[in-house]
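Sequential numbering of the sequence shown, starting at 0, is according to numbering that gives the first Met the number 0. For glycine and all other residues, C-beta sits at the position ideal for the given N, C-alpha and C. Remember, it's a predicted structure, so these values are computed and weren't measured experimentally. Data block below; observations after.
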Amino acid sequence: MALGSLARDYLVSVIGEFVGTFLFLFFAFAAAQTANQPNGTTPPTPNATDPSKLLFIALAFATSLAANVWIFFRVSGGQFNPAVTLALVLIGAVPPIKALLLIPAQLIGGSLAAVAAKAVIPGGDILFAVSLGPGVTDIQGLFIELLLTFMLIITILMLVAEKTKSTFVAPIVIGFSLFIAHLVGIFWTGAGINPARAFSPALVQGQFPSYHWIYWLGPIAGAFLAAALYLGLKAMKYELVGGDADKDTRDESVSAQQADLILEALRALPRAMQGSGSPTGQLEGIAESQKDWWRLSGLDIYRMDEKKDLYANENSNMPDLERGPEVRGWGDDMKRRKSRFGPNNPGNMPSWVN
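Shown next as structure tokens:
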């Protein structure tokens with residue numbers, strides 16, 4: 000990739016992560032600030048104990064993340080979380096240099112989101128900071144953060160790191176994952192899960208509790224654990240265990256139709272091409288039995304109905320026999336293959352192509 004193109008790619012990704020993190024956390028922070036407002040009978044509570052408040056905050060974070068991931072997925076990947084970026088680096092999906100640019104963008108975007116939420120929502124105190132719940136030790140908080148982050152990141156890796164039949168609904172499932180993580184974690188740790196989410200309000204209010212480190216180490220450990228599981232499953236070729244879980248029946252229908260059309264074209268070939276030196280008979284047998292030989296032969300990359308005359312190849316010594324119109328261009332295709340692989344390359348071309 001050219002240097003200019005690489006710089007543009009990195010710049011676009013940085014902008015996407017900055018804006019996406021800002022929007023995600025602004026709406027989540029604003030919702031939490033609203034939910035935790037005192038109502039005259041109860042004091043403000045950053046770690047919600049009221050089930051309705053807990054549900055409100057969890058839903059706000061989940062839907063805000065899902066919406067912004069969907070918006071910015073094609074721009075930067077929709078990471079919005081240094082722990083997610085780290086996991087993508089560990090599996091080789093994001094270059095380390097790019098990650099060094101994305102993580103500061105996420106932290107700055109989150110910090111500005113905290114400033115904006117504090118500025119636009121009435122009330123002096125920040126009510127969306129994370130803190131440990133009553134009776135929770137630092138070690139307990141660390142492992143809670145680790146497990147909550149692991150849940151989110153393994154969801155992302157399994158649905159987004161590689162294209163599957165479920166990739167298009169990944170933002171919704173990622174939102175669900177964050178939702179359940181918040182339901183479990185809000186009361187006990189504030190559900191940090193994201194170092195940018197925990198760091199931003201602490202920076203704005205200028206208060207870093209002594210246990211603030213758990214909101215960094217926990218998600219980082221969760222990222223390593225999720226990446227290790229994902230890489231382990233990939234090493235064991237987990238995708239083969241599920242069989243046809245990602246197969247689309249519509250693709251099978253298209254494959255069968257294409258195989259039938261190509262088989263019909265082969266049957267229209269002149270008898271001169273169906274001798275002992277021609278693979279036509281073998282191909283016909285494969286097409287009949289498997290309906291998938293065209294994928295292996297490479298014929299799917301050619302549009303046979305748009306080619307020139309079958310015998311346009313000037314090097315061909317074959318007689319001008321009558322043929323069906325469906326097979327036009329076979330000679331041109333072979334000519335191009337010979338120009339690419341060489342006239343006598345048995346490793347790449349059929350032996351019957353002279």
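Asked                                                                                                                                                                        : Found
Identify whether N67 lies in helix, strand or coil by the three-state DSSP scheme.                                                                                           : helix
Round the Cβ separation of L182 and L53 to the nearest angstrom and send it over; I've been treating them as touching at under 8 Å.                                          : 7 Å
Count the other C-beta atoms from every protein chain shown that fall within 10 angstroms of the C-beta of K117, then say buried if there are 16 or more, exposed otherwise. : buried
Can you look up I211 in the DSSP assignment and give me helix, strand or coil?                                                                                               : Reading off the sequence shown, one finds His at residue 211, where the question assumed Ile. The answer is coil: DSSP assigns H211 none of H, G, I, E or B.
Consider the C-beta atom of A195 and the heavy atoms of the ligand ATP; say whether any pair is separated by less than 7 Å.                                                  : Although the ligand ATP was asked about, the structure shown includes no ligands whatsoever.
Near V370, which residues of its chain fall below 8 Å by C-beta distance, leaving aside the five closest residues on each side in sequence?                                  : In the structure as shown, the chain starts at 0 and stops at 353, and residue 370 therefore has no counterpart that could be examined.
Whole angstroms are fine: how far does the CA of T136 sit from the CA of L5?                                                                                                 : 45 Å
Indicate whether the contact test is met: 3 or more Cβ pairs, each with one atom in the stretch 207-221 and one in the stretch 143-161, closer than 8 Å.                     : yes
Less than 6 Å between C-beta atoms, sequence neighbours within five positions excluded: which residues of the same chain meet that for R302?                                 : Note on R302: pLDDT 43, under 50, position unreliable in the model; no value is reported.
Mind checking whether Q36 and L126 have CB atoms under 8 Å apart?                                                                                                            : yes
What number of angstroms, rounded off, separates the C-alpha of I153 from the C-alpha of F60?                                                                                : 18 Å
What separation, rounded to the nearest whole angstrom, lies between the Cα atoms of G91 and P121?                                                                           : 44 Å
Which first and last residues belong to the alpha helix (DSSP H) in which T188 is found?                                                                                     : 169-188
Distance, Cα to Cα, F28 vs A112?                                                                                                                                             : 8 Å
Note down the Cα distance separating F175 from T20, rounded to an integer number of angstroms.                                                                               : 18 Å
Could you tell me the distance, in whole angstroms, from the CA atom of L64 to the CA atom of P170?                                                                          : 8 Å
Span of the alpha helix (DSSP H) holding T84?                                                                                                                                : 81-89
What's the call for E238, buried or exposed, on a 16-neighbour Cβ count within 10 Å?                                                                                         : exposed
Is it right to say Q206 is buried, meaning 16 or more other beta carbons lie within 10 angstroms of its own, or is it exposed?                                               : exposed
Quick one: residues in its chain with C-beta nearer than 6 Å to the C-beta of A197, no 5 flanking neighbours on either side, listed in chain order?                          : V129, G191, Y214
Taking the beta carbon of Q204 as the centre, do at least 16 other beta carbons fall within 10 Å, making it buried, or is it exposed?                                        : exposed
State buried or exposed for F17, treating a residue as buried only when at least 16 other CB atoms are found within 10 Å of its CB.                                          : buried
Determine the contact status of P194 and P81, defining contact as a CB-CB distance below 8 Å.                                                                                : yes
DSSP state of M150, grouped into three classes?                                                                                                                              : helix
How big is the Cα-Cα spacing for D8 and S51?                                                                                                                                 : 43 Å
Could you spell out where the alpha helix (DSSP H) holding K117 opens and where it closes?                                                                                   : 95-119
Using 8 Å for Cβ pairs, my map puts G15 next to F71. What's the rounded Cβ distance?                                                                                         : 5 Å
Using a threshold of 8 Å, state whether the C-beta atoms of I138 and V83 are closer than that.                                                                               : no
Which first and last residues belong to the alpha helix (DSSP H) in which L202 is found?                                                                                     : 194-204
Apart from the five residues on each side of it in sequence, which residues of its chain come closer than 6 Å, Cβ to Cβ, to G109?                                            : T20, L24, A195, S199
What separation, rounded to the nearest whole angstrom, lies between the Cα atoms of P208 and W187?                                                                          : 15 Å
Identify which residue in D124, I107, G189 has its Cα closest to the Cα of P415.                                                                                             : The chain is shown from 0 up to 353; residue 415 falls before or after that span and cannot be answered.
Does I173 pass the burial test, meaning 16 or more other C-beta atoms within 10 Å, or should it be called exposed?                                                           : buried
When we look at the beta-carbon of K97 and count the other beta-carbons within 10 Å, is it buried (16 or more) or exposed?                                                   : buried
In its own chain, which residues sit with a C-beta less than 6 Å from the C-beta of A34, not counting the 5 before and 5 after it?                                           : K52, F55, I56
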